[in-house]
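Chemist:
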């Protein structure tokens, strides 16, 4: 029986690591040696036994070193489609040079006598796996405790590391079994019935952009949607416009994680969008009397809106998961927006490159969308390939060489692989392209390129873009141009008809005479 030790074992490769750390309380490690003997014995006497436990156990699941070595030999034989019995396992271990370390031929033969069949092998294997998981938890807890006692330890960093380790551990031990098709058919039919009852024909969450919804059928549950663009294309303005449409206009709970801007900066951008007042005017406070009134009236719609914002910088995907679960549980959030993916991290886990870390982030965002059964929309940067693409196309249709492509996704091809949908924002006007191939004006026009759609069609959608209002809108929407006053008919409609109540949170004296501030 291993003895208690306070020394940390030598660091091994992840694939070879065997957790053998015991707390300094002197307790015996969780183990089930009798079950280990029975499971290996069953594999030696019945050819099909190993196939029943291959997804449950790994060599490191075994507490006894000799059992681990025997299981590795069985695993090797199975991988080569060779028969598994006492003789073949003994020979394989002789080739591996581990036979004597595992007790020799006599011990292997002895294990086969400890069981008469593999009838309960899965149940026995699960007990072994649970004991192994308990030992790993003890290891992680011991290391966290040791680091917490270290003077000068960054506790926030330690918490992220701990969360990452626990997430990695839980992810590696999640097993989902197959199901017979009947209940899945019933669930699919129920979804079709629910879609039939929607008068707008949209089965998901409407973005508020009609042509986009026609292609996507709304943002679908459990989908990971990537919105990608180069800087200055309006990624944040696009998701803020959606947040307004969904959370403020439709009152569907939305959470937005902003890694680039503070909460106040984000809300200021939202005020520009909703109140239709240029950002420089809001920053300076130099508003005309009608603009003070316009600000007050339109801000009323924001109070009580089910929009939740979080500006945690350098947010880890594991911290996001914890917060997202709470938002869904406590506030019924139905959509999560992330601005933006490349500013996230996956601390607490080790990576060979930033690309590998981004792959982990995108993979875990998809897993989170599936777990919470809500759509997650993450903004992503495109690489410089958009700007550097060589011009000189053969036809007029190919003239716009700045048009983004899936290959332009920055840092990781895994983003494209993990996403259910990839949309790209393109504004030809930004590159000085003012006319399309049919000589139509492209001023104030943005294209949403649906480059990948796992469960539907792809295509392009045109939207109006008003940069000064950080606003994307439908082509048919009336959007006042910057500088228009109430006499234009676009702003006047409700402004002068509103009487502010005494308990108006925006009431009081304002710098503009009879305006509500």
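Numbering (the numbering used here), first residue to last: 1 to 517.
Glycine included, every Cβ here is placed at the ideal spot set by N, Cα and C.
For residue 418, count the other beta carbons within 10 Å of its own beta carbon; 16 or more makes it buried, fewer makes it exposed. Which is it?
Modeler: Answer is buried; the Cβ neighbour count reaches 16.
Chemist: Have a look at residue 408 and residue 229 and give me their C-alpha separation to the nearest angstrom.
Modeler: 9 angstroms
Chemist: According to the Cβ coordinates, are residue 449 and residue 404 closer than 8 angstroms?
Modeler: yes
Chemist: The beta strand (DSSP E) with residue 447 in it runs from where to where?
Modeler: 445 to 453
Chemist: Going by Cα to Cα distance, which pick from 357, 77, 63 is closest to residue 43?
Modeler: It is 77.
Chemist: Are the CB atoms of residue 470 and residue 272 nearer to each other than 8 angstroms?
Modeler: yes
Chemist: Can you give the Cα-Cα distance for residue 227 and residue 60, rounded to whole angstroms?
Modeler: Spanning the two alpha carbons is a distance of roughly 41 angstroms.
Chemist: Mind checking who residue 338 pairs with in its DSSP beta bridge?
Modeler: 257, 378
Chemist: Is residue 115 helix, strand or coil when you go by DSSP?
Modeler: coil
Chemist: When DSSP labels each residue in this structure, what does residue 331 get in the three-state scheme?
Modeler: Collapsing the DSSP output to three states places residue 331 in a helix.
Chemist: Since I believe residue 29 is in contact with residue 63 (beta carbons under 8 angstroms), could you give me their beta-carbon distance rounded to a whole number of angstroms?
Modeler: So it is a contact: roughly 7 angstroms between Cβ atoms.
Chemist: Let's see if you can read the secondary structure: which residues bound the beta strand (DSSP E) around residue 227?
Modeler: 224 to 229
Chemist: Would you call the region 231 to 241 and the region 265 to 281 in contact, with 3 or more CB pairs under 8 angstroms?
Modeler: yes
Chemist: Considering only the alpha carbon of each residue, which of 57, 99, 166 lies closest to residue 141?
Modeler: 166
Chemist: Hey, would you say residue 358 sits closer than 8 angstroms to residue 342, going by beta carbons?
Modeler: yes
Chemist: Going by DSSP in three states, residue 463 sits in which element: helix, strand or coil?
Modeler: strand
Chemist: With DSSP as the reference, please indicate the residues paired to residue 345 in a beta bridge.
Modeler: 316.
Chemist: In whole angstroms, what separates the C-alpha of residue 75 from that of residue 360?
Modeler: 28 angstroms
Chemist: State the CB to CB distance for the pair residue 518 and residue 248, rounded to an integer number of angstroms; the pair is presumed to be in contact (CB under 8 angstroms).
Modeler: The requested residue 518 is not part of the displayed model; the chain covers only 1 to 517.
Chemist: What separation, rounded to the nearest whole angstrom, lies between the Cα atoms of residue 55 and residue 106?
Modeler: 28 angstroms
Chemist: Measure the beta-carbon distance from residue 49 to residue 121 and round it to whole angstroms, keeping in mind my assumption that it falls under 8 angstroms.
Modeler: 5 angstroms
Chemist: By a C-beta neighbour count over all protein chains shown, 10 Å radius and 16 as the cutoff for buried, is residue 437 buried or exposed?
Modeler: exposed
Chemist: Using a Cβ-Cβ distance cut-off of 8 angstroms, determine whether residue 319 contacts chain D.
Modeler: Structure shown: chain D not included; a single protein chain is present.
Chemist: If I'm right that residue 263 touches residue 311 with Cβ under 8 angstroms, what's the distance once you round it to whole angstroms?
Modeler: 5 angstroms
Chemist: Buried or exposed for residue 434, please, with buried defined as at least 16 other CB atoms from any protein chain shown within 10 angstroms of its CB.
Modeler: exposed
Chemist: So, at 6 angstroms on beta carbons, what are the nonlocal neighbours of residue 109 in its own chain, with the 5 sequence-adjacent residues on each side left out?
Modeler: The answer, listed in chain order, is 86.
Chemist: Please confirm if the region 208 to 227 is in contact with the region 443 to 462, defined as three or more CB-CB distances below 8 angstroms between the two stretches.
Modeler: yes
Chemist: Within 10 Å of its beta-carbon, does residue 185 have 16 or more other beta-carbons around it, so buried, or fewer, so exposed?
Modeler: exposed
Chemist: Determine the DSSP secondary structure at residue 473, reduced to helix, strand or coil.
Modeler: strand
Chemist: Measure the Cβ-Cβ separation of residue 256 and residue 275 and say whether it is below 8 angstroms.
Modeler: Contact check for residue 256 against residue 275 fails: the beta carbons are separated by 8 angstroms or more.
Chemist: Out of 202, 297, 283, which has the shortest C-alpha to C-alpha gap to residue 221?
Modeler: 202
Chemist: Rounding to the nearest angstrom, what Cα-Cα distance links residue 468 and residue 442 in this structure?
Modeler: 17 angstroms
Chemist: State the DSSP-derived secondary structure class of residue 63, mapped to helix, strand or coil.
Modeler: coil
Chemist: Can you give me the C-alpha to C-alpha distance between residue 379 and residue 151, rounded to a whole angstrom?
Modeler: 39 angstroms
Chemist: Ordered along the chain, which non-local residues of its own chain (more than five positions away) have a Cβ less than 6 angstroms from that of residue 346?
Modeler: 317, 357, 360, 361
Chemist: Count the other CB atoms within 10 Å of the CB of residue 421; is the residue buried (16 or more) or exposed (fewer)?
Modeler: By the neighbour-count rule (16 or more Cβ atoms within 10 Å), residue 421 is buried.
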